[in-house]
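**Student:** Before I ask anything, let me first share the structure, which is written out below as structure tokens.
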């Protein structure tokens, strides 16, 4: 075989070999999963500032005559955060902004539209809006007790990407009869930078599971639990998954191999793990009278939840 042919064959074999390495080895594959597509679209930068948005949504907008019952609570957010971009969206406005932000992701829009109950849509909305825009999401029946600027110490501002509060810390044997998780993070108030991996994860999971149940004709199953499917249970799981997946924390060697509820039970001061700041139960659940929650005038009390459940009559 002429030398030129041998060189050509060698080159072709090299190309085939490289193709096999890059196409068959998972380490070199382009991951086109929804989570990775979201990561490429909504860039996460922990060093960035927290956006000044405050997001709330309800059946009616502020211009509606029906807005009266929540006007006082929503006013606390504006008055304590005068420099914030406070957006109170009606349900139609929420759907409109989501369809604009998630136009490149038709599967997410399909999942949102398929959710059969307002409470499920409300849960999904908070994750979606924070993933795309960041800032604070807070339920319409929450009161801001202090400015959000004091939630995070300045030293942490460019190290924290997500702030969550403990909703429940039931130190009792029968805790599972009352709560879904031994430590449960609340999702009535969340502070995040856009693109945070926890939000990507929970959005991807809800989308996947919603479309699966839709294809199986099971979305209207009366046993479908909002707490588990879109609420604090899946949110808590997503936070813990991130804490155990994320390996960039310089103090990781100071932590146990598996981060569980034991890292957070009984805390009375904020605790930072990786890029997540976990606030004690008093911060977002003050005044509940148990589980270590202190009064609403405590220095660590930031948000009060009225538990009005404005969506409940629509879930039946």
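Residue numbers (mature numbering (1 follows the signal peptide of the UniProt record, and there is no 0)): -23 to -1, 1 to 293. Positions of the beta carbon are idealized from the N, C-alpha and C atoms, including for glycine.
1. Report yes if the C-beta distance between residue 106 and residue 75 is below 9 Å; otherwise report no.
2. Who are the Cβ neighbours of residue 47 in its own chain at under 7 Å, not counting the five residues just before and after it?
3. I need the DSSP call for residue 29, collapsed to helix, strand or coil.
4. Taking the alpha carbon of residue 101 as the point to measure from, which residue in 243, 265, 242 and 180 has its own alpha carbon closest?
5. Mind the definition here: the stretch 252 to 268 touches the stretch 189 to 205 only if three or more C-beta pairs lie below 8 Å; say whether that holds.
6. How would you write the range of the beta strand (DSSP E) that residue 67 sits in, first residue to last?
7. Can you tell me whether DSSP reads residue 297 as helix, strand or coil?
8. Is residue 177 near residue 214, with beta carbons less than 9 Å apart?
9. Can you list, in chain order, the residues of its chain with a C-beta nearer than 7 Å to that of residue 6? Leave out the 5 residues immediately preceding and following it.
10. Assign residue 173 to one of two classes, buried (16 or more other C-beta atoms within 10 Å of its C-beta) or exposed (fewer than that).
11. Quick check on residue 23: does DSSP put it in helix, strand or coil?
12. Taking the straight line between their C-alpha atoms, what separation do you get for residue 26 and residue 205?
13. Use the C-beta contact count for residue 276: other C-beta atoms within 10 angstroms, 16 or more gives buried, fewer gives exposed.
14. Would you call the CB atoms of residue 11 and residue 139 closer than 9 Å?
15. Does residue -10 come out as helix, strand or coil in the three-state DSSP assignment?
16. For residue 265, which three-state DSSP category applies?
17. Return the chain-ordered list of same chain residues with a C-beta closer than 6 Å to the C-beta of residue 208, the five sequence neighbours on each side being excluded.
18. For residue 221, which residues from the same chain have a beta carbon less than 7 Å from its beta carbon, with the 5 sequence-adjacent residues on both sides left out?
19. Applying the 10 Å Cβ sphere with the 16-neighbour rule, what's the burial state of residue 301?
20. Can you tell me which of 259, 96, 153 and 23 puts its alpha carbon nearest to the alpha carbon of residue 134?
21. So, are the CB atoms of residue 196 and residue 91 less than 9 Å apart?
22. Excluding five sequence neighbours on each side, which residues of the same chain lie with their C-beta closer than 8 Å to the C-beta of residue 43?
23. Along the chain, where does the beta strand (DSSP E) containing residue 112 start, and where does it finish?
24. Got a sec, what are the start and stop residues for the alpha helix (DSSP H) residue 144 sits in?
25. Using the beta-carbon count (16 or more within 10 Å), is residue 252 buried or exposed?
26. Exposed or buried, which one is residue 111 when buried takes at least 16 other CB atoms within 10 Å?
27. CA-CA distance, residue 194 and residue 93?
28. Between residue 129 and the rest of its own chain, which residues show a CB-CB distance below 7 Å, the 5 nearest in sequence each way excluded?
29. Do residue 59 and residue 51 count as a contact pair if the criterion is CB distance below 9 Å?
30. Using a Cβ-Cβ cut-off of 7 Å (strictly less than) and excluding sequence neighbours within five positions of residue 210, which residues of its own chain qualify?
31. Using DSSP with H/G/I as helix, E/B as strand and the rest coil, what is residue 281?
32. Assuming residue 122 and residue 273 make a contact with CB atoms under 8 Å, what is their CB distance in whole Å?
**Tutor:** This is what the structure gives:
1. yes
2. 35, 117 and 118
3. coil
4. 180
5. no
6. 62 to 67
7. Residue 297 lies beyond the range of the chain shown here (-23 to 293); nothing can be said about it.
8. no
9. The predicted position of residue 6 is uncertain, since its pLDDT is 38 and thus under 50; no value can be drawn from it.
10. buried
11. coil
12. 32 Å
13. exposed
14. no
15. For residue -10, the predicted structure reports a pLDDT of 44, less than 50, and the residue's modelled location is therefore unreliable. The matter cannot be settled from this model.
16. coil
17. 100
18. 235 and 236
19. The structure shown has nothing for residue 301, since the chain only spans -23 to 293.
20. 23
21. yes
22. 36 and 37
23. 112 to 115
24. Counting along the chain, residue 144 falls outside any alpha helix (DSSP H), though it belongs to the beta strand (DSSP E) covering 139 to 145.
25. buried
26. buried
27. 12 Å
28. 137, 140 and 254
29. no
30. 157, 158 and 204
31. strand
32. 6 Å
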